[in-house]
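**Student:** Before anything else, here's the structure in question.
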Amino acid sequence: MTSLQQRWESAFLPTYATPSVELVRGEGAWVHDAEGRKYLDLLAGIAVSSLGHAHPAVVEAVTHQVATLAHTSNLYANGPSLQLAERLQALLPVPAKVFLCNDGASANEAAFKVARKNLDDHGTKRTKVVAAEGSFHGRTAAALAVTGQSAKREPFLPLPGEVCFVPFNDRQALAAAVDDSTAAVFLEPIQGEGGVYPADPGYLSLARQLCDDTGALLIVDEVQTGIGRTGQWLACIDEAVVPDIVTLAKGLGGGLPIGAVIATGKAMDLLVPGDHGSTFGGNLVSCAAANAVLEVIESTDLLAAVRELGAYLTRQVAALENESIAGMRGRGLLQAVVFSSPIAKGVEASARRHGFLVNAVTADAIRLAPPLIISKAEIDTFVDALPLVIEESLS
């Protein structure tokens with residue numbers, strides 16, 4: 001164990017594995033460690049650094065805002081948060097309202113509370129929430145309650161109920177679970193933490209129809225998929241599905257902490273003053289960063305570039321015809337390289353030795369979620385090295 005690791009373990013609660021690499025600097029899609037090694041960042045801080053590291057627009061926006069006014073609380077109005085809320089409203093084709101918070105878990109926590117106020121036609125509180133097995137919505141109490149991974153939930157039971165889990169992409173099970181007592185259906189367009197499993201075509205549309213039929217709220221967690229990650233502002237746009245609530249975070253802030261809830265329809269009016277809040281929600285510096293991210297994505301047509309880069313990555317990996325690679329899954333620049341055996345941990349370590357940061361998201365798959373500004377040439381450096389990375393992981 002290095003001196004850094006010893007200090008780390010002495011300082012922090014053991015909520016994460018002790019890191020072995022200390023990153024000190026970044027630019028574009030690259031980061032540098034304390035020993036001077038350079039890495040192609042194919043994870044972007046878990047789909048967070050959407051414009052890469054030290055993007056000039058984000059640096060300028062944050063520098064200006066922190067030197068002007070950094071925080072006001074929610075007692076006072078401010079320009080950056082209002083501008084961001086109006087930009088987020090425009091992501092949906094229907095009237096919407098926004099709640100700003102700090103991260104994905106707090107966004108999903110807020111969405112859960114909105115669902116708790118969804119009454120049926122007789123004014124009776126709906127109590128059931130339907131969520132998918134394999135899902136991940138966060139580690140706070142309500143967000144964890146709708147996370148479909150029992151190993152994460154069970155140490156902290158009892159959690160807010162009553163949550164019914166159904167197999168992801170099982171249409172029959174979803175239809176059987178959603179009824180007039182259902183307050184909300186929580187779904188991800190792609191289960192990122194669960195292994196980069198996309199929803200099948202028509203699955204979100206079915207969920208929308210079931211919610212329309214029963215009065216349940218459709219809550220779509222776009223924390224990992226939103227803000228250009230799949231080549232659309234929102235991944236649910238691919239099916240023309242308009243949720244009652246969308247939750248966002250990660251790539252929205254381009255590296256700064258921020259989360260958001262976008263509510264439509266009756267979900268816009270279920271909360272009243274005092275029902276919910278966030279001291280740091282709508283922080284001016286984070287909102288300035290988010291506004292810069294949205295402006296760059298829009299002005300540079302980055303959504304189209306992400307779609308092209310995602311297709312290019314898939315083609316290049318397939319062209320390797322490597323017997324250890326079983327295939328790819330995902331969309332845009334949220335992809336998993338799936339292996340024919342459980343070698344992902346070894347591949348992650350081998351990739352790091354070769355100067356690439358990836359994530360073993362399951363035993364047999366690594367997750368790739370690079371900055372949206374990555375180039376084809378940078379993708380090629382990884383794909384060209386992948387056969388040797390795999391070979392060394394097997395030795």
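Following my numbering, the numbering of the sequence shown begins with 1 at its first residue and continues without gaps. All C-beta atoms in this analysis are idealised placements derived from N, C-alpha and C, irrespective of residue type, glycine included. Bear in mind the structure is a predicted one, so any value in this text is a computation, not a measurement.
Spatial neighbours of Glu-193 within its chain, please: CB distance less than 6 Å, with the 5 preceding and 5 following residues excluded, ordered by chain position.
**Tutor:** Hits under 6 Å: Phe-136.
**Student:** Cα separation between Leu-234 and Ser-3?
**Tutor:** 43 Å
**Student:** Using the beta-carbon count (16 or more within 10 Å), is Arg-315 buried or exposed?
**Tutor:** exposed
**Student:** Could you tell me which whole alpha helix (DSSP H) segments of length 4 or greater appear in the segment 27 to 54?
**Tutor:** 44 to 47
**Student:** For Tyr-312, which three-state DSSP category applies?
**Tutor:** The answer is helix: DSSP assigns Tyr-312 an H, G or I state.
**Student:** Could you compute how far the alpha carbon of Arg-352 sits from the alpha carbon of Lys-266?
**Tutor:** One Cα belongs to Arg-352, the other to Lys-266, and the distance between them is close to 48 Å.
**Student:** Under the DSSP definition of a beta bridge, which residues are partnered with Asn-108?
**Tutor:** Under DSSP, Asn-108 takes part in no beta bridge, so it has no partner.
**Student:** Can you pull the DSSP bridge partners for Thr-72?
**Tutor:** The partner list for Thr-72 (beta bridge, DSSP) is empty, contrary to what the question assumes.
**Student:** Pull up the DSSP beta-bridge partners for Asp-221, would you.
**Tutor:** Thr-247
**Student:** Which residue marks the beginning of the alpha helix (DSSP H) containing Phe-339, and which one marks its end?
**Tutor:** Note, Phe-339: premise wrong, no alpha helix (DSSP H); beta strand (DSSP E) at 334 to 339.
**Student:** Could you give the first and the last residue of the continuous alpha helix (DSSP H) run that contains Asn-291?
**Tutor:** 284 to 299
**Student:** Which same chain residues, not among the five before or five after Thr-362, have their C-beta less than 7 Å away from its C-beta?
**Tutor:** Gly-195 and Ala-344
**Student:** Once the 5 residues before and after Ser-49 are set aside, which same chain residues still bring their CB inside 6 Å of it?
**Tutor:** Gly-255 and Pro-371
**Student:** Does Glu-348 pass the burial test, meaning 16 or more other C-beta atoms within 10 Å, or should it be called exposed?
**Tutor:** buried
**Student:** So is the beta-carbon of Arg-37 under 7 Å away from any non-hydrogen atom of the ligand ADP?
**Tutor:** In the structure shown, the ligand ADP is absent, as is every other ligand, since no ligand is present at all.
**Student:** Report all residues from its chain with a CB closer than 7 Å to the CB of Ser-10; omit the five preceding and five following residues, and keep chain order.
**Tutor:** none
**Student:** I need the DSSP call for Ala-184, collapsed to helix, strand or coil.
**Tutor:** strand
**Student:** Using 8 Å as the threshold, is the segment 243 to 250 in touch with the segment 213 to 231, meaning 3 or more CB pairs across them?
**Tutor:** yes
**Student:** So Gly-253 and Gly-228 are supposed to be a Cβ contact under 8 Å. How far apart are they, rounded?
**Tutor:** Contact doesn't hold; Cβ gap of about 13 Å is too wide.
**Student:** Considering only their Cβ atoms, is the gap separating Ala-263 from Lys-97 smaller than 8 Å?
**Tutor:** yes
**Student:** For Gln-232, which three-state DSSP category applies?
**Tutor:** coil
**Student:** Flag this pair as touching only if the segment 108 to 116 and the segment 306 to 324 have three or more C-beta atom pairs under 8 Å; answer yes or no.
**Tutor:** no
**Student:** For His-71 and Asn-291, which I take to be in contact (beta-carbon distance under 8 Å), what is that distance rounded to the nearest angstrom?
**Tutor:** Between Asn-291 and His-71 the Cβ distance is about 16 Å, and since that is not below 8 Å, they are no contact.
**Student:** Determine contact between the segment 140 to 152 and the segment 100 to 110, defined as no fewer than three beta-carbon pairs at a distance below 8 Å.
**Tutor:** Under the 8 Å Cβ criterion, the segment 140 to 152 counts as touching the segment 100 to 110, having at least three qualifying pairs.
**Student:** Buried or exposed for His-53, going by 16 or more other Cβ atoms inside 10 Å?
**Tutor:** buried
**Student:** Where in the segment 155 to 180 do unbroken runs of the beta strand (DSSP E), each at least 3 residues long, occur, reported from the N-terminal end onward?
**Tutor:** Taking 3 residues as the shortest admissible run, the segment 155 to 180 contains the following complete beta strand (DSSP E) segments, listed from N- to C-terminal end: 163 to 166.
**Student:** So who's on the other strand from Met-396, going by DSSP bridges?
**Tutor:** Absent from the structure is residue 396, since the part of the chain shown begins at 1 and ends at 395.
**Student:** Expressed to the nearest angstrom, what Euclidean distance is found between the alpha-carbon atoms of Ala-57 and Val-293?
**Tutor:** 8 Å
**Student:** Assuming the contact rule is C-beta atoms closer than 8 Å, Phe-165 and Gly-138 should be a hit. Round their C-beta distance to whole Å, please.
**Tutor:** That pair is no contact at about 16 Å.
**Student:** Can you grab the Cα-Cα spacing for the pair Ala-289 / Glu-60, in whole Å?
**Tutor:** 9 Å
**Student:** Closer than 8 Å by C-beta to Leu-69: which residues in its own chain qualify, once you throw out the five before and the five after it? Chain order, please.
**Tutor:** Asn-78 and Leu-284
**Student:** Between the alpha carbons of Thr-127 and Val-261, how many angstroms are there, rounded?
**Tutor:** Straight-line Cα distance between these residues: approximately 21 Å.
**Student:** Can you grab the Cα-Cα spacing for the pair Leu-396 / Ala-336, in whole Å?
**Tutor:** The displayed coordinates of the chain run from 1 to 395. Any statement about residue 396 would go beyond what the structure contains.
**Student:** Assign Asp-213 to one of two classes, buried (16 or more other C-beta atoms within 10 Å of its C-beta) or exposed (fewer than that).
**Tutor:** exposed
**Student:** Do you know how far the Cα of His-64 is from the Cα of Val-358?
**Tutor:** 33 Å
**Student:** Looking at Cys-287: is its Cβ nearer than 8 Å to the Cβ of Leu-40?
**Tutor:** no
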